[in-house]
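Contents: one structure, followed by commentary.
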Amino acid sequence: MLAGRLHVSTGSFAVEEVDEPHAGPGQVRIAVRAAGVCLSDVHLIQGMLKPLHLSGDSVTLGHETAGVIDEVGAGVTGLTVGERVLLQAGEIRDGVVLTRGVDYDGGWAQFAVATAGTVVPIPDTLSFEQACFVPDAVSTPWAAITTTAGVRPARAVGVWGVGGLGAHAVQLLRMIGAAPIIAIDPLPLARERAVRFGADLALDPGDPAFAALVAEATGGAGLAYAFDFAGVAPVRVQATRALAKGGRLTLVGLTDQPLTIPDGTRFSYLEQEIRGHYGSGPEHVLELLSLVALGRVEFSRSVSGTWPLAEAAEAVRRLDAKEDSPIRLILIP
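For the record, in the sequence shown the residue sitting at position 166 is 172 according to the numbering used here, with numbers rising by one throughout.
As structure tokens, then:
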């Protein structure tokens, strides 16, 4: 079968012919119908991120995966051949958090094997192209908003970076009643999209009037919550300065750069907080699927394009270059 393989030691990526996997005890195999291309995949290929628990030197990328069960291993109950499913983006084994497509083979392939407990049935009304990225692209901002930051309604929120995760954050914040929602992105296309997704205001972080505009939008109080979805050090400095008394900055975007607080005394005096965030739990994916089933949220606008699996490298290039400011590019095996 074809699979998009990263060779970690050399940093090389290619779509290659590999042996088909088969479902072992406690596992199922799915015929992959759609797999999302995430900025984390780009960072893995570029070497900015490294697998922590990978056994061996190569891995099939892709932590956002949906398809149809075509093999059921021994001992698996409650899942049947032909079911439409998505795969959770990771799992816990022996107390260690492992990420699909990073620490073990993922979904950039024609077939993918998964532990039965990470397989989630999806409704017929949800397309594979939209279902595949619910784990991570939607569940990560959802978990950051509801669990790590604990956003309350009618509180001012700033979202830095309106890409694959930030665009969904704006949509979800609107749904739960955060207000005003201020989206911050240097790309005009991303700012325009943020308004369509529910932002009350979209700002360029380089605008000389940035601080004054945030103050005006928040009645001079500043932001109760701020989210860094960009993983860029200057964003964190700017976001910290925009926080209100007791304000909370949640770091979702990943970077290896140092975290700097520009005025530590002010930060302490105003009793502000910075919290790290990574991924989501299985419950967050299930919550989102319930919301989809109830018609509270839908993701058709998030599919920015589809590409054959064989052209995965081109999809990666386009995402890295931010061509047309994509939310999610989808690989179709």
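C-beta atoms are modelled at their ideal positions from N, C-alpha and C, and glycine is treated no differently.
The beta carbon of V87 sits closer than 8 Å to those of I75, D76, E77, V78, all from its chain and outside the five residues before and after it, given in chain order. Taking a cut-off of 8 Å for Cβ pairs, the region 119 to 136 and the region 34 to 46 touch, as three or more such pairs fall below it. Comparing alpha-carbon positions, the option among V241, H283, L8 lying closest to V258 turns out to be H283. The residues H49, in chain order, have a CB closer than 6 Å to that of L55 in the same chain once the five nearest residues on each side in sequence are set aside.
Judged by DSSP in its simplified three-state form, T154 adopts helix. In this chain, I51 is not harboured by any beta strand (DSSP E); it is covered by the alpha helix (DSSP H) spanning 45 to 52.
The distance from the Cβ of A184 to that of F203 is about 13 Å, inconsistent with a contact at the 8 Å cut-off.
Burial is judged here by how many other beta carbons sit within 10 angstroms of a residue's own beta carbon; H69 has at least 16 and is buried.
Spatial neighbours of D213 in its own chain (CB-CB distance under 8 Å, excluding positions within 5 residues in sequence) are listed in chain order as L219.
Straight-line spacing of the CA atoms in L265 and R242 works out to 7 Å.
Pairing L193 with S331 gives a Cβ-Cβ distance under 8 Å. Each of V291, A250, L255 was checked against the Cα of Y275, and the nearest Cα belongs to A250.
For I190, the uninterrupted beta strand (DSSP E) run begins and ends at 187 to 190, by DSSP. If you draw a 10 Å sphere on the C-beta of H290, you find 16 or more other C-beta atoms in it, and that means buried. Looking at the backbone, the Cα of A196 and that of L207 are separated by about 12 Å. Classified as exposed, P268 has fewer than 16 neighbouring CB atoms from the shown chains inside 10 Å of its CB. Nearest to V165 by C-alpha distance, out of D142, T312, A232, R106, is A232. Under DSSP, no beta-bridge partner is assigned to H69. In this structure the region 82 to 96 does not touch the region 300 to 315; the number of beta carbon pairs closer than 8 Å is below three. As a beta-bridge residue in DSSP terms, H13 pairs with S18, S64. For the pair A200 and L171, the CB atoms are not nearer than the 8 Å cut-off. Between T71 and G112 the beta-carbon gap is near 7 Å, inside 8 Å, which marks them as a contact. When the Cα atoms are used, L337 and E329 turn out to be separated by approximately 16 Å. Here V38 is actually not in contact with Q136; their C-beta atoms are around 15 Å apart, not less than 8 Å.
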